[in-house]
Ligand code: HGY
Ligand code: MN
Ligand code: MN
């Protein structure tokens with residue numbers, strides 16, 4: 016079977032989808048359940064319908080586009096990713112896995128392949144944590160990793176709940192019905208840009224992901240006493256931002272102290288209240304992200320941060336409150352799915368690198384219900400989550416061919 020990917024159309028589709036954004040091109044901003052997200056979903060569904068796929072959406076808006084196999088009772092081979100994007104993002108994160116997955120299916124159709132196991136393209140709801148504070152909301156729910164009760168407690172910054180927002184977007188029904196039955200999938204393979212510099216630096220065109228790091232995130236609220244920047248003398252201050260600065264540096268030190276390349280920690284959100292130049296910060300909210308491929312090492316960083324919070328609270332006599340948003344286990348790829356990817360690369364004599372994914376992906380939660388693996392393609396300078404994120408048409412087409420070969424070998 017000769018698989019030919021229509022690279023030109025795929026590139027055009029990526030550029031067309033990028034224009035569905037809350038920001039001006041080349042910036043992509045597509046927050047879950049916003050008008051841009053809903054428009055992008057409709058645009059994607061129309062293309063899946065044109066490809067003859069059977070579409071359904073679950074109660075959180077995960078979209079399933081199925082190419083029916085000859086044995087419709089057999090477990091399904093899944094592929095896909097996300098099309099939601101954080102503010103000031105690029106056009107490839109997630110999209111390569113969704114449009115590449117669609118093109119892989121179309122290429123197999125053109126090649127005359129007939130799957131035994133149905134092949135299903137998934138577009139997951141809210142892979143990014145932007146709106147509801149937790150990433151992979153859709154794949155957590157469909158894998159049963161997050162309960163419907165816990166999901167209904169999540170709200171956005173305006174206080175709107177997941178339930179309200181999803182229903183306004185047209186996704187009704189019981190959230191608990193999003194959980195898939197056991198053995199729904201035979202395997203799940205996700206194509207994604209690397210979001211790091213290794214493939215480009217090593218001049219290797221493909222990465223086969225063997226493990227996905229364990230993500231954790233938390234919100235820390237620091238309550239000082241504020242006051243007039245001129246009138247309150249230094250000994251009398253309870254400056255919440257100075258306390259936050261101590262915690263930020265303590266977090267950085269805790270990660271570096273592990274001495275392991277896979278231990279990373281970031282404070283990506285720092286909201287200062289009241290945020291006036293002549294007012295001592297009364298309250299600060301810190302959004303903290305800690306990851307590692309090794310669970311106990313990651314949790315050591317979380318414990319070190321907790322200790323720093325207690326020490327700073329006592330020393331400065333201020334209130335420090337931390338709320339754990341998620342602390343997930345890492346994922347190991349399944350040997351069979353990795354083998355299928357390796358064979359597909361070898362069939363085309365494509366060089367590849369076994370890799371660790373330090374970014375999390377929906378595959379992390381798909382791994383709780385099915386054998387998974389991921390296929391990475393390079394991105395320019397490793398850039399991602401920024402408008403100059405870039406993957407070449409050649410690399411995207413190459414990844415799509417390997418994905419198509421892999422899906423065919425898993426679905427036959
Ligand atoms: O943050 C992540 O790892 C993913 O890109 N949402
Ligand atoms: Mn992302
Ligand atoms: Mn992504």
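Residue numbers (my numbering): 16 to 427. Where a beta carbon is used, it is the ideal one built from N, C-alpha and C, also for glycine.
Any non-hydrogen atom of ligand 2 closer than 7 Å to residue i Cβ
i, result
"residue 39", "no"
"residue 284", "no"
"residue 143", "yes"
"residue 75", "no"
"residue 400", "yes"
"residue 138", "no"
"residue 295", "no"
"residue 101", "yes"
Same chain, Cβ closer than 7 Å to residue i, five either side skipped, listed in chain order
i, result
"residue 267", "280"
"residue 40", "33, 34"
"residue 53", "184"
"residue 186", "72, 74, 75, 76"
"residue 63", "70, 80, 117, 136"
8 Å CB neighbourhood of residue i in its chain, flanking five on each side removed
i, result
"residue 405", "105, 107, 394, 395, 398"
"residue 323", "261, 262, 265, 266, 269"
"residue 29", "106, 107, 110, 111, 114, 411"
Anticipated Cβ contact below 8 Å, residue i with residue j, distance rounded
i, j, result
"residue 369", "residue 225", "5 Å"
"residue 95", "residue 137", "3 Å"
"residue 359", "residue 421", "5 Å"
"residue 387", "residue 348", "6 Å"
"residue 244", "residue 331", "Contact flag wrong, Cβ pair sits at about 18 Å."
"residue 392", "residue 111", "7 Å"
"residue 307", "residue 228", "6 Å"
"residue 271", "residue 286", "No, residue 271 and residue 286 are not in contact; Cβ-Cβ is about 25 Å, not under 8 Å."
"residue 417", "residue 365", "6 Å"
Proximity test, residue i beta-carbon vs ligand 3 heavy atom, cut-off 7 Å
i, result
"residue 109", "yes"
"residue 207", "yes"
"residue 96", "yes"
Cβ-heavy atom distance, residue i to ligand 1, below 7 Å
i, result
"residue 397", "no"
"residue 405", "no"
"residue 374", "yes"
"residue 150", "yes"
Same chain only: Cβ atoms within 6 Å of residue i, ignoring 5 sequence neighbours per side
i, result
"residue 298", "238, 255, 288"
"residue 22", "408, 412"
"residue 210", "374, 399"
"residue 384", "158"
"residue 148", "340"
"residue 11", "With the chain covering only 16 through 427, there is no way to say anything about residue 11."
"residue 191", "163"
"residue 116", "94, 95, 136"
"residue 378", "205, 387, 389"
Residue i, buried or exposed, once every other Cβ within 10 Å from all chains shown has been counted against 16
i, result
"residue 425", "buried"
"residue 146", "buried"
"residue 24", "exposed"
"residue 193", "buried"
"residue 251", "exposed"
"residue 174", "exposed"
"residue 150", "buried"
"residue 47", "buried"
"residue 292", "exposed"
"residue 31", "exposed"
"residue 169", "buried"
"residue 197", "exposed"
Residue i to residue j span [Cα, whole Å]
i, j, result
"residue 153", "residue 141", "6 Å"
"residue 156", "residue 59", "22 Å"
"residue 85", "residue 204", "21 Å"
"residue 273", "residue 20", "44 Å"
"residue 253", "residue 75", "43 Å"
"residue 233", "residue 87", "42 Å"
"residue 139", "residue 343", "18 Å"
"residue 389", "residue 290", "42 Å"
"residue 212", "residue 43", "21 Å"
"residue 49", "residue 284", "21 Å"
"residue 208", "residue 403", "13 Å"
"residue 79", "residue 126", "23 Å"
"residue 357", "residue 100", "30 Å"
"residue 71", "residue 81", "8 Å"
"residue 317", "residue 118", "41 Å"
"residue 321", "residue 36", "38 Å"
"residue 329", "residue 178", "39 Å"
"residue 351", "residue 27", "33 Å"
"residue 311", "residue 124", "45 Å"
"residue 414", "residue 51", "27 Å"
"residue 128", "residue 90", "18 Å"
"residue 189", "residue 217", "47 Å"
"residue 346", "residue 382", "6 Å"
"residue 56", "residue 309", "36 Å"
"residue 314", "residue 231", "9 Å"
"residue 371", "residue 296", "40 Å"
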